[in-house]
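First comes the structure, then the notes that go with it.
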Amino acid sequence: MDINKVMIIGAGQMGSGIAQVCAMNGYEVILHDLKQDFVNRGIKAITQNLIKQVKKERLTEQEKTDTLKRLTPSIDLQSAASVDLVIEAAVENMAIKASLFAELDQIAPVHTILASNTSSLPITEIAAATRRPEKVIGMHFMNPVPVMKLVEIIRGIATDDEVYRTIEKLAVSLKKVPVEVNDFPGFVSNRILMPMINEAIYTLFEGVASKEAIDDVMKLGMNHPMGPLTLADFIGLDTCLSIMETLHSGFGDDKYRPCPLLRKYVKAGWLGKKSGRGFYEYS
Ligand code: CAA
1 MDINKVMIIG
11 AGQMGSGIAQ
21 VCAMNGYEVI
31 LHDLKQDFVN
41 RGIKAITQNL
51 IKQVKKERLT
61 EQEKTDTLKR
71 LTPSIDLQSA
81 ASVDLVIEAA
91 VENMAIKASL
101 FAELDQIAPV
111 HTILASNTSS
121 LPITEIAAAT
131 RRPEKVIGMH
141 FMNPVPVMKL
151 VEIIRGIATD
161 DEVYRTIEKL
171 AVSLKKVPVE
181 VNDFPGFVSN
191 RILMPMINEA
201 IYTLFEGVAS
211 KEAIDDVMKL
221 GMNHPMGPLT
231 LADFIGLDTC
241 LSIMETLHSG
251 FGDDKYRPCP
261 LLRKYVKAGW
271 LGKKSGRGFY
281 EYS
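Take full-length UniProt numbering: the last position of the sequence shown gets the number 283, and nothing is skipped along the way.
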């Protein structure tokens with residue numbers, strides 16, 4: 001199965017990163033979002049990133065121009081009619097994803113693979129909203145997408161082997177390292193990462209140490225590039241909460257209970273770096 005043209009749904013932090021990586025590696029990319037403003041913001045972030053790469057002499061001016069030329073903005077879902085692969089990076093909400101996949105299923109050609117960058121929602125359930133569950137797969141990129149090597153590839157219960165192999169090959173062509181996992185709450189990455197972050201929040205909540213001390217312990221003691229509270233701000237506290245809720249409801253075990261302090265911050269609109277305040281403040 002050949003992939004030439006890709007549509008990315010969602011021009012936020014993850015979607016624009018995925019679009020950048022696809023366009024840099026020769027794919028024609030349609031970057032789609034609900035509003036022109038959102039798409040423009042995504043294209044602007046990609047452009048700034050490419051300018052930095054040129055300054056660091058990792059990319060030539062010509063490569064930057066060619067990459068940008070391969071990007072087409074869209075606010076019309078009908079654009080899916082011309083692509084071989086859709087990678088959805090919209091909000092982490094099952095009802096929204098299910099209705100989006102049902103609509104994409106109506107628009108996209110029969111050969112088109114529908115992938116989701118969901119960080120924890122069940123691929124099998126997303127696939128059930130379509131008439132092509134064998135062509136639905138999870139393609140979970142890590143933030144920041146241009147830097148992080150991993151793509152967790154999640155097989156839904158009905159995903160075809162050929163579809164899996166196509167996506168694995170595509171990930172390699174993006175200079176990423178694909179890792180195969182089965183469809184279970186949080187997959188592998190967030191089943192392990194998020195309880196650690198949640199535990200760090202409990203540690204703060206219970207007054208065991210200051211936020212800086214908690215982050216220092218994990219950075220200096222465990223060689224993590226970022227402390228867990230900084231990382232939570234970077235991921236987005238709303239995303240962290242929604243992943244913990246998926247783990248909690250999916251496994252039904254109290255060890256996944258989201259920390260009340262995490263809930264409180266999200267209710268306050270303190271969502272981390274993107275909102276200017278989370279555990280830390282950002283200007
Ligand atoms: N976009 C593109 N490039 C970025 C970037 C961004 N947002 N942020 C940093 N970079 C690049 C820098 O330009 C720099 O590139 P060069 O080496 O080419 O110069 C490189 O990354 C290193 O950056 P810095 O030197 O500024 O800072 P750093 O050494 O602290 O690295 C980091 C930054 C790569 C983000 C590092 O702190 C890190 O690895 N943090 C942990 C990231 C992580 O855990 N990500 C997974 C989150 S979980 C997830 O995404 C999945 C989910 O479902 C929740």
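Glycine residues also receive a C-beta, built at the ideal position from the N, C-alpha and C atoms.
Contacts around residue i, its chain only, beta-carbon distance under 8 Å, and the 5 residues preceding and following it disregarded
| i | result |
| --- | --- |
| VAL177 | LYS149, LEU150, VAL151 and ALA171 |
| ASN143 | GLN13, MET14, GLY17, PHE234 and ILE235 |
| GLY276 | TYR282 and SER283 |
Same chain only: Cβ atoms within 6 Å of residue i, ignoring 5 sequence neighbours per side
| i | result |
| --- | --- |
| PHE234 | LYS273 |
| VAL181 | GLU152, ILE154, PHE187 and VAL188 |
| MET94 | LEU121 |
| ILE123 | GLY138, ILE154, GLY156 and ASP183 |
Cβ-Cβ separation, residue j to residue i (assumed contact under 8 Å), whole Å
| i | j | result |
| --- | --- | --- |
| GLY10 | ASP37 | Contact doesn't hold; Cβ gap of about 14 Å is too wide. |
| ASN117 | ILE87 | 6 Å |
| ALA108 | LEU100 | No, ALA108 and LEU100 are not in contact; Cβ-Cβ is about 12 Å, not under 8 Å. |
| LEU204 | ILE214 | 6 Å |
| GLU134 | ASP160 | 4 Å |
Beta carbon of residue i nearer than 8 Å to that of residue j
| i | j | result |
| --- | --- | --- |
| ILE46 | ALA89 | no |
| CYS240 | LEU262 | yes |
| ASP238 | VAL266 | yes |
| MET194 | MET226 | no |
| VAL6 | VAL83 | yes |
| ILE157 | ASP183 | yes |
| PHE279 | PRO185 | no |
| LEU50 | LEU68 | yes |
| ALA268 | LEU229 | no |
| ALA102 | ALA129 | yes |
Length of the line joining the Cα atoms of residue i and residue j
| i | j | result |
| --- | --- | --- |
| LYS52 | LEU174 | 19 Å |
| ASP216 | ALA80 | 46 Å |
| LYS35 | ILE192 | 35 Å |
| SER120 | THR246 | 7 Å |
| HIS140 | VAL179 | 10 Å |
| ASN223 | ASP254 | 29 Å |
| VAL163 | LEU231 | 33 Å |
| ARG70 | VAL29 | 6 Å |
| ALA23 | SER210 | 42 Å |
| LYS56 | THR65 | 16 Å |
| GLY221 | GLN106 | 51 Å |
| HIS111 | VAL54 | 36 Å |
| ILE3 | ASN190 | 28 Å |
| TYR27 | ALA98 | 26 Å |
| ARG41 | VAL21 | 17 Å |
Chain-order list of residues whose beta-carbon lies under 7 Å from that of residue i (same chain, five-residue window excluded)
| i | result |
| --- | --- |
| ILE96 | ALA90 |
| HIS248 | TYR256, ARG257 and PRO258 |
| GLU92 | THR118, SER119, LEU121, THR239 and SER242 |
| PRO73 | LEU31, VAL39 and ILE43 |
| TRP270 | LEU237, ARG277 and GLY278 |
| ARG131 | ASP105 |
Sequence-ordered residues whose beta carbon comes within less than 5 Å of a heavy atom of the ligand CAA = SER119, MET142, ASN143, PRO144, PRO146, VAL147, PRO225, MET226 and ILE235
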